[in-house]
Amino acid sequence: MKAPFIILLVLLSLPGYLRAQKDSKVVFPKSSFDVEQAKRMIGSNGTATLKGMIAGKTKYLSNVVELYPCTNYFYEWYELKKKDKKGKKQIYMSDEAYSYRILTRIDTDGSFGFTGLNPGKYYINTLVYETKSGIAERQVGTETIRSFNVYGHQLSSYDRPIMEKYQYLYNTVERLESFIEISAEGQILNVSL
């Protein structure tokens, strides 16, 4: 008896699954990734430094900032992400392009830094996860309201909800990002996200 039920369940859910797969399209940039340009920008021989601060966020759970060299491939990927406002597509970089990003940790005071950079344009970003609280109401019961005339006869009766306020917690995710440009060797650039 179980086998026919499971088969029926699978057959009924298959169209929804196929529709979700069709709607969720995986997209990569069409241009080729310029490895040499990326190597020149983030090569170990650079002398520029990027110092940053996560501004206006006192309690954040994120601890990593990503830096990407802005190659033509990267710009195409970024434009694809911007155009997909509804998030219907899965837009990825190639493994090779993704491997040319640099990660750094965020200190407890919100500061971070990148060293050994060469002149060029870069994109930095981090995700900030915050726990916030809100106040809402929930119904905890009902009370019956009755009205009477001067003779004691009931004129109306209705139930009114009894509401109670409560506090709840929820998480938010915010992407902080910036494009920066290092214009000279040895430059120290300060940025705030």
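Numbering-wise, my numbering comes out as the position in the sequence shown, counting from 1, plus 3.
Note that the Cβ used here is the ideal one computed from N, Cα and C, for glycine as well.
Which residues DSSP lists as bridging residue i, in chain order
i, result
"ILE94", "VAL30"
"ALA139", "TYR169"
"PHE115", "GLY55"
"ASN193", "LYS54"
"TYR101", "According to DSSP, TYR101 bridges with nothing at all."
"PRO164", "THR145"
"PRO205", "Nothing in the structure corresponds to residue 205, since the chain is present only between 4 and 196."
"LEU120", "ALA51"
"LYS106", "Sequence check: residue 106 is Leu here, not Lys. Paired residues: GLU69."
Helix, strand or coil at residue i [DSSP, three-state]
i, result
"VAL67", "strand"
"VAL131", "strand"
"MET4", "Annotation note: pLDDT 48 at MET4 (below 50); position unreliable, coordinate value reported separately. If DSSP states are grouped into helix, strand and coil, MET4 belongs with coil."
"GLU79", "helix"
"VAL176", "strand"
"ILE183", "strand"
"ILE45", "helix"
"LEU11", "For LEU11, the predicted structure reports a pLDDT of 49, less than 50, and the residue's modelled location is therefore unreliable. A value from the coordinates is still provided. Helix, per DSSP."
"GLU39", "helix"
"GLU188", "coil"
"LYS84", "helix"
Best match in the options for proximity to residue i [C-alpha to C-alpha]
i, options, result
"GLY137", "TYR171, PHE77, LYS91", "TYR171"
"VAL194", "PHE36, MET166, LEU70", "LEU70"
"GLN142", "THR134, SER150, TYR169", "TYR169"
"GLU39", "LEU53, THR52, THR74", "THR74"
"MET96", "GLY155, PHE36, VAL153, GLY90", "PHE36"
"ALA187", "GLY90, THR175, ARG149, GLY123", "GLY123"
"ALA41", "LYS88, GLY90, ARG104, ALA51", "ARG104"
"ASP162", "PHE182, ARG149, VAL153, MET44", "ARG149"
Contact under 8 Å by Cβ, residue i with residue j
i, j, result
"PRO164", "THR145", "yes"
"GLY189", "ASN121", "no"
"TYR76", "SER102", "no"
"GLU99", "PRO32", "no"
"PRO72", "TYR125", "yes"
"PHE115", "ILE109", "yes"
"MET56", "GLY113", "yes"
"LEU196", "THR111", "no"
"LEU83", "VAL30", "yes"
"LYS86", "LYS28", "no"
"ILE94", "GLU180", "no"
"ILE191", "LYS54", "yes"
"LYS135", "TYR81", "no"
Where residue i falls, given that 16 or more other Cβ within 10 Å makes a residue buried
i, result
"LEU11", "Note that LEU11 scores 49 on pLDDT, short of 50, meaning its location in the model is unreliable; the coordinates nonetheless yield the value given after this. With fewer than 16 Cβ atoms within 10 Å of its Cβ, LEU11 is classed as exposed."
"VAL68", "buried"
"MET166", "exposed"
"MET49", "Just to set this straight, residue 49 is Gly in the shown sequence, not Met. Burial call: buried."
"GLU177", "exposed"
"PHE151", "exposed"
"ALA139", "exposed"
"GLY58", "The identity of residue 58 in the sequence shown is Ala, whereas the question assumes Gly. Exposed: under 16 other Cβ atoms inside 10 Å."
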